[in-house]
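Colleague:
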Amino acid sequence: MDIEELNHVAIWVKDLEASRAFYQRQLGLEAIPRPAFDFPGAWFRLGAGQELHLIGGRKQELSLDRRHHFALKVRSAREAAHWLQQKGVTYRGPKPRPDGAIQLFIQDPDGYTIELFEDNA
1 MDIEELNHVA
11 IWVKDLEASR
21 AFYQRQLGLE
31 AIPRPAFDFP
41 GAWFRLGAGQ
51 ELHLIGGRKQ
61 ELSLDRRHHF
71 ALKVRSAREA
81 AHWLQQKGVT
91 YRGPKPRPDG
101 AIQLFIQDPD
111 GYTIELFEDN
121 A
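This is how it looks when you write it as structure tokens:
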């Protein structure tokens with residue numbers, strides 16, 4: 001078996017419209033067409049050939065901490081922090097990792113942690 005790439009990340013959300021607004025307006029992700037599944041959802045482009053899939057309809061609470069997260073590479077952590085500030089998004093960081101990358105952490109409306117990192121390697 002030859003795995004070629006990570007195609008998408010899917011997360012289960014309570015309020016699809018609040019999540020859609022967060023990812024589109026606060027993070028600036030581009031919405032992309034989604035097949036006509038029999039459950040609610042929204043898809044966003046994350047970069048070349050990668051996507052974020054929101055799946056609506058979650059009822060129960062999830063116990064999440066920042067160890068459960070996904071990371072998005074940004075060109076500049078400083079620019080990302082400025083963008084988040086302008087959009088009113090609370091964040092932790094920027095903070096350097098031991099390997100020199102610079103990290104910021106945010107949470108979406110469901111409490112999922114998202115790492116934004118600048119790779120200085």
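Following UniProt numbering, the residues of the sequence shown are numbered contiguously, the last one being 121. Every residue, glycine too, gets a C-beta built ideally from N, C-alpha and C.
For the candidate residues L52, F37, G41, whose alpha-carbon lies nearest to that of G28?
Modeller: L52
Colleague: By how many angstroms is the C-alpha of A71 removed from the C-alpha of A101?
Modeller: 12 angstroms
Colleague: Would a C-beta distance cut-off of 7 angstroms place G93 and Q103 closer than the cut-off?
Modeller: yes
Colleague: For E79, which three-state DSSP category applies?
Modeller: Annotated three-state conformation of E79 is helix, per DSSP.
Colleague: Would you check if the distance between the CB atom of P109 and the CB atom of F22 is smaller than 7 angstroms?
Modeller: Going by C-beta atoms, P109 is nearer than 7 angstroms to F22.
Colleague: Any idea if R20 is buried or exposed, counting beta-carbon neighbours within 10 angstroms, 16 or more meaning buried?
Modeller: buried
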